[in-house]
Amino acid sequence: MKQLTHLDRQGDATMVNIAEKEITHRLVVATGRIHMSPEAFKMLVEDTLKKGNALGVARIAGIMAAKQTSSLIPLCHQVGLTNCSIEFSLDTGNYSIEVRCRTETRAQTGVEMEALTGVSIALLSIYDMCKSVDRTMRIDDIRVIEKSGGKSGEWKFSSNMAQREPSHG
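Plus 371 on top of the position in the sequence shown (first one is 1) and you've got our numbering.
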């Protein structure tokens with residue numbers, strides 16, 4: 372059975388010691404989606420929202436958030452990102468936007484939390500920019516979809532993984 376790495380023998384929270392881990396190139400891609408009304412989607416696409424360019428603001432917010440992850444997530448190591456990008460895919464049929472955050476580093480630990488934080492804050496920024504038009508927006512499907520580097524090697528999310536029940540030990 373796998374053990375939680377952020378707990379010591381007494382069950383207290385502790386930061387994982389990565390001093391002896393090898394420095395490797397690490398890459399993580401995380402995604403998430405926001406669903407909105409046709410009206411809000413149209414205004415976002417046409418850049419007519421009162422607050423301005425929602426995707427431009429969300430891109431900067433996501434990158435800034437990824438860089439601040441260790442200040443936001445307890446026990447998360449401070450990792451120097453060598454790259455962070457935010458991309459958007461517009462789904463005009465479903466009035467939704469997929470946000471993709473790609474993070475990279477050369478370090479002793481991965482950048483999953485940075486990618487997830489970047490996606491989350493970019494999505495929240497889009498919500499904030501559009502909420503005056505649509506308060507029923509929904510954010511979902513935030514997940515890591517790709518990871519490489521470190522001792523666990525390469526991993527990619529597949530659609531059949533989404534169908535299984537969460538493991539409970």
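Each residue gets a CB set at the ideal place from its N, CA and C atoms; glycine is no exception.
Here the structure is a predicted model, which means the values were calculated and not measured.
DSSP-derived helix/strand/coil call for V400: strand
Sub-9 Å separation of A401 and C455 beta-carbons: Cβ distance not < 9 Å, so A401 and C455 don't count as in contact.
Beta-carbon spacing of T440, V428 below 9 Å: no
Limits of the beta strand (DSSP E) - the one that C447 falls within: No beta strand (DSSP E) contains C447, which DSSP labels as neither H nor E.
CB of L446 within 9 Å of CB of A390, strictly: No, these two residues do not count as a Cβ contact at 9 Å.
Nearest neighbour of I468, chosen from T474, T476, E458 [CA to CA]: E458
C-beta contact flag for K392 and G521 at 9 Å: Taking 9 Å as the Cβ cut-off, K392 and G521 qualify as a contacting pair.
Helix, strand or coil at A478 [DSSP, three-state]: Per DSSP, reduced to three states, the secondary structure at A478 is strand.
Cα-Cα separation between F528 and E517, rounded to whole angstroms: 6 Å
For N465, the residue or residues it bridges with in DSSP: None, per the DSSP bridge assignment.
Terminal residues of the alpha helix (DSSP H) in which V416 lies: 409–416
Secondary structure of V387, DSSP reduced to three states: coil
Exposure label - T476; buried when at least 16 CB within 10 Å: buried
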